[in-house]
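A short worksheet on the structure shown next.
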Amino acid sequence: MSNAPIPLAVADISKFTRAISKQLKDNEETPSHLSMMNIVARAAGFRNYQHLKAAQTAQARVDTPVVPEDIDFKLVEKCLRNFDDDGTMLRWPSRRAQQDLAIWSFWAAIPAATLLQEKEINAILNARHAFNDAPILRRTMIGKRMLTRNNDGTDYLRIEQEPPAEARELIRLLKALASPTQGKL
Numbered sequence: 000m001s002n003a004p005i006p007l008a009v010a011d012i013s014k015f016t017r018a019i020s021k022q023l024k025d026n027e028e029t030p031s032h033l034s035m036m037n038i039v040a041r042a043a044g045f046r047n048y049q050h051l052k053a054a055q056t057a058q059a060r061v062d063t064p065v066v067p068e069d070i071d072f073k074l075v076e077k078c079l080r081n082f083d084d085d086g087t088m089l090r091w092p093s094r095r096a097q098q099d100l101a102i103w104s105f106w107a108a109i110p111a112a113t114l115l116q117e118k119e120i121n122a123i124l125n126a127r128h129a130f131n132d133a134p135i136l137r138r139t140m141i142g143k144r145m146l147t148r149n150n151d152g153t154d155y156l157r158i159e160q161e162p163p164a165e166a167r168e169l170i171r172l173l174k175a176l177a178s179p180t181q182g183k184l
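Now the structure itself:
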């Protein structure tokens with residue numbers, strides 16, 4: 000048995016003690032430590048001690064709060080200034096950190112597991128920016144290993160990966176801007 004404490008709470012102590020008393024009367028001799036733990040667990044409404052322990056362990060896992068990721072909201076806010084009210088990027092940011100974050104919004108717009116020709120990828124990118132420079136966006140994504148292509152510039156493919164926390168937040172905010180049902184921010 001482990002030495003980790005197993006908490007036990009009972010709704011009605013009278014019912015609990017009656018159940019223990021009944022089980023003790025059914026025993027002909029003094030119960031062992033394990034038998035006594037099983038008696039207590041059954042009196043509390045569990046099948047046995049192992050059931051009680053498993054239930055408490057599962058509850059501890061469920062009750063453990065999820066630690067929120069640290070998001071640099073200031074960076075997300077600064078990056079959002081480069082987009083209009085519909086989520087279209089108006090200008091390529093001059094700051095590297097903002098460029099690194101903004102490129103994820105274009106990566107998210109590219110369909111997963113789909114081979115695209117240069118014209119198709121340009122159409123996707125051009126629909127989401129107003130500064131008319133799809134090549135810089137493609138080169139940035141290729142350089143950051145977010146996109147692959149053949150040497151002749153054909154067959155572009157998005158590389159699947161988990162965006163950083165700031166990028167997920169930016170993508171979420173831009174989707175909300177682009178969605179008429181969610182309203183403007």
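When we follow numbering that gives the first Met the number 0, the leftmost residue of the sequence shown carries the number 0, and every step to the right adds one.
Using N, Cα and C, we set each Cβ at its ideal position, and we do this for glycine too.
A quick note: this is a predicted structure, and the numbers were derived from the prediction, not measured.
With contacts defined by Cβ atoms closer than 8 Å, T153 and E117 form a contacting pair. Using a C-beta cut-off of 8 Å, the segment 162-182 makes contact with the segment 71-84, since at least three inter-stretch Cβ pairs fall below that distance. Here Y48 has M36, N37 and A40 as same chain residues with Cβ atoms under 6 Å from its own Cβ, once five neighbours each way along the sequence are excluded. Under the DSSP assignment, I135 falls in the alpha helix (DSSP H) whose first and last residues are A133 to G142. The three-state reading of DSSP puts M88 in strand, counting E and B together. Spanning the alpha carbons of S13 and A43 requires a straight line of approximately 11 Å.
Linking Q58 to Y155 through their CA atoms gives a straight-line distance of about 47 Å. Rounded to whole angstroms, A111 and A3 show a C-alpha spacing of 47 Å.
Relative to E161, the option among Q22, T87, S104 and W91 whose CA is nearest is S104. As computed with DSSP, T147 is found in a beta bridge with L156. In chain order, N125 place their CB closer than 8 Å to the CB of N131, counting only its own chain and leaving out the 5 sequence neighbours on each side.
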